[in-house]
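In the working numbering, the protein residues as written are 1 to 499. Even glycine gets a Cβ: it sits at the ideal position worked out from N, Cα and C. Note that this is a predicted model, so its numbers are computed, not measured. As structure tokens, the structure follows; a few thoughts come after it.
Right, dumping it as structure tokens:
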């Protein structure tokens with residue numbers, strides 16, 4: 001008789017486990033650390049995230065799996081393959097940069113943000129986000145999704161006495177809970193039809209569902225996809241994004257813009273490409289339409305932002321992130337039409353890595369400008385070059401990367417790979433829609449970039465750099481420039497197997 005006791009591959013689960021353990025350490029330490037030394041908790045969190053990211057290095061050599069079925073070691077709940085490691089690098093690296101921004105934000109908050117609770121929630125969410133891409137059964141997938149999402153609600157509304165923050169948290173909470181409920185209903189239908197939660201077994205069994213359960217399985221597929229569309233902020237499920245980003249502390253908005261998207265898109269990829277490839281004729285057209293709607297609505301929303309409106313810089317970045325989500329959806333839709341879906345998914349990963357680096361850089365500059373201009377309007381960036389030339393050059397570079405213009409070479413090449421994925425899959429109409437949207441996006445990205453180098457109105461503001469902010473700007477700047485100089489570091493994911 002085979003033993004039911006499993007050995008756990010601790011090395012495979014180390015990255016999310018370290019983030020979770022450090023979160024607990026910070027929560028307990030908060031009880032004993034004097035008020036004057038609370039900033040130490042932030043540096044413990046930064047060190048923990050750096051350690052979690054470094055633990056990805058020993059996993060590069062081979063695929064590792066754990067929590068497998070007894071008697072069938074090929075069916076596991078946790079797998080650390082290339083796809084998992086790329087997303088975990090994006091999640092933990094992005095969380096590390098957002099943590100550096102948070103150290104300064106907590107110092108500037110005047111005790112309105114409780115440090116112990118903030119770092120515990122932040123690390124808990126990062127642990128869930130790192131767990132999700134490794135999940136290979138629907139139950140683990142949902143648990144990881146909620147571990148990533150639930151602390152994020154609290155982070156958005158954590159600022160004491162701020163009505164905007166509370167309203168943003170409520171909108172985020174209601175939309176996300178609705179998404180979870182819809183996803184759970186869909187997953188329960190898929191389980192009822194197939195009798196399994198493991199993604200590879202779902203893929204095998206859902207092709208041979210009895211006629212009586214066919215409608216149940218189809219409904220389950222649709223509901224599951226609708227739930228994940230909420231998580232990715234795809235139109236028409238995007239309504240919470242602008243107000244949530246504006247109401248949240250800026251580092252939390254930066255975290256949601258990158259890590260939140262990584263969570264949603266990795267879950268969507270696992271459900272569609274791994275678990276439901278036989279239903280590609282249903283989900284691929286739906287995702288193609290969602291991609292077209294999302295990029296169009298996002299870019300038009302960003303284009304409509306007035307530069308003198310309060311918080312217009314953060315609001316523009318929020319609408320921009322919706323538009324970028326549309327681009328990220330294109331290769332996933334293309335995977336349903338393609339003979340080589342892994343190549344299409346590689347295009348999404350390449351674009352996500354580019355977007356993560358430069359978008360966090362743009363938020364780092366927004367955090368710096370926000371220290372001098374509390375309303376953080378786009379108009380406040382006028383003459384930034386006169387006050388801080390290097391910061392203005394970095395912001396211009398980040399915006400040009402997002403626009404896909406030189407010298408942001410990595411942004412240009414990432415967009416080309418997405419175009420290629422659409423064209424190769426026969427989605428010419430979607431490539432045309434994307435081309436039109438890239439032109440629309442040029443208007444607001446270039447308008448903001450030009451503003452950086454115009455003569456300031458009145459005396460140029462002084463922008464106070466802190467060590468954590470400097471580190472965040474330096475890391476994102478170096479990463480963006482390095483990827484523009486050696487884009488093959490990212491683009492090679494489009495040419496190799498991922499799963």
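**OP:** Assuming residue 19 contacts residue 123 (C-beta within less than 8 angstroms), just tell me the rounded distance between them.
**Re:** Translated into positions along the chain shown, residue 19 becomes position 19. Translated into positions along the chain shown, residue 123 becomes position 123. About 5 angstroms; that satisfies the 8 angstroms criterion.
Subject >> Selection from 477, 237, 260, 344 that minimises the alpha carbon distance to residue 390 >> reply: Within the chain shown, residue 390 is the residue found at index 390, counting from 1. Cα-wise, what sits closest to residue 390 is 477.
**OP:** Give the secondary structure of residue 281 by DSSP, where H, G and I count as helix, E and B as strand, and everything else as coil.
**Re:** Stepping through the chain shown from its first residue, residue 281 is reached at position 281. DSSP places residue 281 in helix when its eight states are reduced to three.
Original post:
Would residue 106 pass as a contact of residue 115 if the rule is Cβ separation under 8 angstroms?
Top reply: Residue numbering aside, residue 106 sits at position 106 when the chain shown is read from its first letter. Residue numbering aside, residue 115 sits at position 115 when the chain shown is read from its first letter. Contact: yes.
Original post:
Cα-Cα, which of 343, 392, 357 is closest to residue 421?
Top reply: Residue 421 sits at position 421 when you count from the first residue of the chain shown. Cα-wise, what sits closest to residue 421 is 343.
Subject >> Among 137, 323, 127, nearest to residue 402 - alpha-carbon criterion >> reply: Here residue 402 refers to the residue found at position 402 when the chain shown is read from its first residue. That would be 323, whose Cα lies nearest to the Cα of residue 402.
**OP:** Scan the stretch 109-189 and note each continuous alpha helix (DSSP H) run of 4 residues or more that stays entirely inside, going in chain order.
**Re:** Every alpha helix (DSSP H) of 4 residues or more that sits fully in the stretch 109-189 is shown, in chain order, as 115-131, 138-156.
**OP:** Mind reading off the beta-carbon distance from residue 376 to residue 314? Whole number of angstroms is fine, and I expect it under 8 angstroms.
**Re:** Your numbering for residue 376 matches position 376 in the chain shown. Your numbering for residue 314 matches position 314 in the chain shown. Yes, residue 376 and residue 314 are in contact; Cβ-Cβ is about 6 angstroms, under 8 angstroms.
**OP:** Helix, strand or coil for residue 238, going by three-state DSSP, please let me know.
**Re:** As a first step, residue 238 is located in the chain shown; it is residue number 238 there, counting from the start. Looking at residue 238 - three-state DSSP - the assignment turns out to be coil, as it is neither helix nor strand.
**OP:** Using alpha carbons as the reference points, say which of 262, 283, 319, 85 lies closest to residue 222.
**Re:** Within the chain shown, residue 222 is the residue found at index 222, counting from 1. For residue 222, the closest C-alpha among the options 262, 283, 319, 85 is that of 283.
Original post:
For residue 311, which three-state DSSP category applies?
Top reply: Taking the chain shown and counting its residues from 1, the one referred to as residue 311 is at position 311. Reduced to three states, the DSSP call for residue 311 is coil.
**OP:** Report the rounded CA-to-CA distance for residue 407 versus residue 393, giving the unit in angstroms.
**Re:** Start at 1 with the first residue of the chain shown, and residue 407 comes out as number 407. Start at 1 with the first residue of the chain shown, and residue 393 comes out as number 393. Straight-line Cα distance between these residues: approximately 11 angstroms.
Subject >> From 85, 271, 63, residue whose alpha carbon lies closest to that of residue 224 >> reply: Walking along the chain shown from the start, residue 224 turns up at place 224. Nearest of 85, 271, 63 to residue 224, Cα basis: 271.
Original post:
Can you pull the DSSP bridge partners for residue 98?
Top reply: Start at 1 with the first residue of the chain shown, and residue 98 comes out as number 98. The partner list for residue 98 (beta bridge, DSSP) is empty, contrary to what the question assumes.
Subject >> Span separating the alpha-carbon of residue 112 from that of residue 254 >> reply: Locating residue 112 in the chain shown gives position 112, counting from the first residue. Locating residue 254 in the chain shown gives position 254, counting from the first residue. Taking the straight line from one Cα to the other gives about 19 angstroms.
**OP:** Tell me whether residue 82 sits in a helix, a strand or coil according to DSSP, three-state version.
**Re:** Taking the chain shown and counting its residues from 1, the one referred to as residue 82 is at position 82. Correct three-state label for residue 82: helix.
**OP:** Leaving aside the five residues before and after residue 160 along the sequence, list all residues of the same chain whose C-beta is less than 6 angstroms from its C-beta, in chain order.
**Re:** By 1-based counting over the chain shown, the position of residue 160 is 160. If we look at residue 160 and ignore the five residues flanking it on each side, its Cβ neighbours are 112.
Subject >> Closest Cα partner of residue 125 within the set 365, 263, 433 >> reply: One-based indexing of the chain shown puts residue 125 at position 125. Out of 365, 263, 433, 263 has the C-alpha closest to the C-alpha of residue 125.
Original post:
Taking all protein chains shown into account, do 16 or more other C-beta atoms lie within 10 angstroms of the C-beta of residue 265, making it buried, or fewer, making it exposed?
Top reply: Position 265 of the chain shown, counted from the start, is the residue given in the question as residue 265. Flag for residue 265 reads buried.
Subject >> Residue nearest to residue 424 in terms of C-alpha spacing, selected from 396, 345, 27 >> reply: One-based indexing of the chain shown puts residue 424 at position 424. When only C-alpha atoms are compared, the closest one is 345.
Original post:
From residue 41 to residue 35, what distance separates their C-alpha atoms?
Top reply: If you number the chain shown from 1, residue 41 lands on position 41. If you number the chain shown from 1, residue 35 lands on position 35. Approximately 11 angstroms between the Cα atoms of the pair.
Original post:
Which class does residue 208 belong to by DSSP, given the choice of helix, strand or coil?
Top reply: Taking the chain shown and counting its residues from 1, the one referred to as residue 208 is at position 208. Looking at residue 208 - three-state DSSP - the assignment turns out to be helix.
**OP:** With distances taken Cα to Cα, identify the nearest neighbour of residue 205 among 471, 278, 292.
**Re:** Numbered from its first residue, the chain shown carries residue 205 at position 205. The residue with the shortest Cα to Cα distance from residue 205 is 278.
Original post:
How many angstroms separate the CA atom of residue 382 from the CA atom of residue 239?
Top reply: Within the chain shown, numbered from 1, the residue matching residue 382 stands at position 382. Within the chain shown, numbered from 1, the residue matching residue 239 stands at position 239. Residue 382 and residue 239 have their alpha carbons spaced roughly 29 angstroms apart.
Original post:
What's the call for residue 136, buried or exposed, on a 16-neighbour Cβ count within 10 Å?
Top reply: Looking up residue 136 in the chain shown gives position 136. Residue 136 is buried by the Cβ-count criterion.
**OP:** Can you tell me which of 186, 171, 21, 14 puts its alpha carbon nearest to the alpha carbon of residue 64?
**Re:** One-based indexing of the chain shown puts residue 64 at position 64. Residue 14 is the option with its Cα nearest to residue 64.
Original post:
If you pair each beta-carbon of the stretch 163-173 with each one of the stretch 241-252, do three or more pairs fall below 8 angstroms?
Top reply: yes
**OP:** Could you name the residues that DSSP lists as bridge partners for residue 64?
**Re:** For the purposes of this step, residue 64 is taken as the residue at position 64 of the chain shown. Note: residue 64 sits in a beta bridge opposite 80.
Original post:
Buried or exposed: which applies to residue 43, given that a residue is buried once 16 or more other Cβ atoms fall within 10 Å of its Cβ?
Top reply: Taking the first residue of the chain shown as position 1, residue 43 is located at position 43. By the Cβ-count criterion, residue 43 is exposed, with fewer than 16 other Cβ atoms from all chains shown falling within 10 Å of its own Cβ.
Original post:
When the Cα atoms are used, what is the spatial distance from residue 466 to residue 97?
Top reply: In the chain shown, residue 466 corresponds to position 466, counting from 1. In the chain shown, residue 97 corresponds to position 97, counting from 1. Roughly 14 angstroms between the two C-alpha positions.
Original post:
If we call anything under 8 angstroms between Cβ atoms a contact, is residue 142 one with residue 187?
Top reply: The residue given as residue 142 occupies position 142 in the chain shown. The residue given as residue 187 occupies position 187 in the chain shown. For residue 142 and residue 187, yes; Cβs fall inside 8 angstroms.
Subject >> For residue 276, the three-state DSSP class (helix, strand or coil) >> reply: Start at 1 with the first residue of the chain shown, and residue 276 comes out as number 276. In the structure shown, residue 276 sits in coil (DSSP, three-state: anything other than H, G, I, E or B).
Subject >> CA nearest to the CA of residue 439, picked from 348, 303, 104, 371 >> reply: Here residue 439 refers to the residue found at position 439 when the chain shown is read from its first residue. Nearest C-alpha to residue 439: 303.
Original post:
So does the stretch 331-343 actually touch the stretch 284-293, counting three or more Cβ pairs closer than 8 angstroms?
Top reply: Contact between the stretch 331-343 and the stretch 284-293 is present, because at least three Cβ pairs lie under 8 angstroms.
Subject >> Beta-carbon proximity list for residue 414, same chain, < 6 angstroms, skipping 5 on both sides >> reply: Position 414 of the chain shown, counted from the start, is the residue given in the question as residue 414. The answer, listed in chain order, is 350, 351, 354.
Original post:
Should residue 88 go down as buried or exposed, given a rule of 16 or more other Cβ atoms within 10 Å for buried?
Top reply: Along the chain shown, read from residue 1 onward, the residue named residue 88 stands at position 88. So residue 88 counts as buried.
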